[in-house]
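Only one structure is covered here, and it is reproduced in the block below.
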Amino acid sequence: MGSADDVQGSRPMLRDQVDTLLETFEQQRRDLDAARVKLSAARVKATSSDNLVEVVCGANGVPIEVNLVSEAFKRSTPEKLGRSIIEATQAAAAAAGQLTKELFAPIVTAADDIPDLPDLIPGAPSIRGLFDAPSEPEPTATQKNWSPVEEDEYYRERSYLKER
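In terms of the UniProt record's numbering, the sequence shown opens at residue 1 and continues consecutively.
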């Protein structure tokens, strides 16, 4: 009879734990829905260090707009302009990643209050690692550094017209 009394005595405690888990789950679901709505409308901007290029990305980091100042082709070489576009695009993508991380922060924090999947099902994969930040990619290629003389000759000789 002692074990039956133990089971009866633990039911309210188990019920409270289940109720708490369900409340946390419902709050996470609401937070997730709100984050999805905000992410679908989110836009981030970044500008190159030379202020020639502005890139607008969605929350997924994919460029939506690339804007060049009107004198971009006068003030820069095609190669430098390409680097400026890449710089602004990468900065906008990084800002989008940061925004996504910030919007999901309440959900990740709430997840700390509930058991992880392996705690409930031995051998199951953890779901807490889903929001770990990916590692930074390695640079792919080295860029040619133009000397001021080469750049001046590039425009004076109009070699930008000959490269096609």
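Glycine included, every Cβ here is placed at the ideal spot set by N, Cα and C.
Kindly list the residues whose CB is nearer than 6 angstroms to the CB of residue i, restricted to its own chain and excluding five residues on each side of it in sequence; keep chain order.
{"i": "Glu79", "result": "none"}
{"i": "Ile85", "result": "Val53"}
{"i": "Asp112", "result": "none"}
{"i": "Asp50", "result": "Ser84"}
{"i": "Pro63", "result": "Val55, Cys57 and Thr89"}
Ignore the nearest five residues each way along the sequence and tell me which others in residue i's own chain have a CB closer than 7 angstroms to its CB.
{"i": "Leu21", "result": "Ile114"}
{"i": "Pro118", "result": "Ala124 and Ser126"}
{"i": "Arg75", "result": "Leu52"}
{"i": "Gln27", "result": "Ala110"}
Compare the beta carbon distance of residue i and residue j with 7 angstroms and say whether it is the shorter of the two.
{"i": "Glu65", "j": "Val53", "result": "no"}
{"i": "Thr24", "j": "Ala88", "result": "no"}
{"i": "Ala42", "j": "Leu99", "result": "yes"}
{"i": "Ala72", "j": "Leu81", "result": "yes"}
{"i": "Ala124", "j": "Ala96", "result": "no"}
{"i": "Ala35", "j": "Leu120", "result": "no"}
In its own chain, which residues sit with a C-beta less than 8 angstroms from the C-beta of residue i, not counting the 5 before and 5 after it?
{"i": "Asp31", "result": "Pro106, Ile107 and Ala110"}
{"i": "Asp16", "result": "none"}
{"i": "Arg164", "result": "Note on Arg164: pLDDT 47, under 50, position unreliable in the model; no value is reported."}
Pop quiz: residue i and residue j are said to be a contact at Cβ under 8 angstroms. What is the actual Cβ separation, rounded to whole angstroms?
{"i": "Lys45", "j": "Ala92", "result": "6 angstroms"}
Which first and last residues belong to the alpha helix (DSSP H) in which residue i is found?
{"i": "Ala72", "result": "Ala72 to Arg75"}
Mind checking which residues open and close the beta strand (DSSP E) that includes residue i?
{"i": "Val55", "result": "Val53 to Gly58"}
{"i": "Ile64", "result": "Pro63 to Leu68"}
{"i": "Ala46", "result": "Arg43 to Thr47"}
- Message: Report the start-end ranges of each alpha helix (DSSP H) in the stretch 5-32 that is 4 residues or longer and not cut off at the edges.
- Response: none
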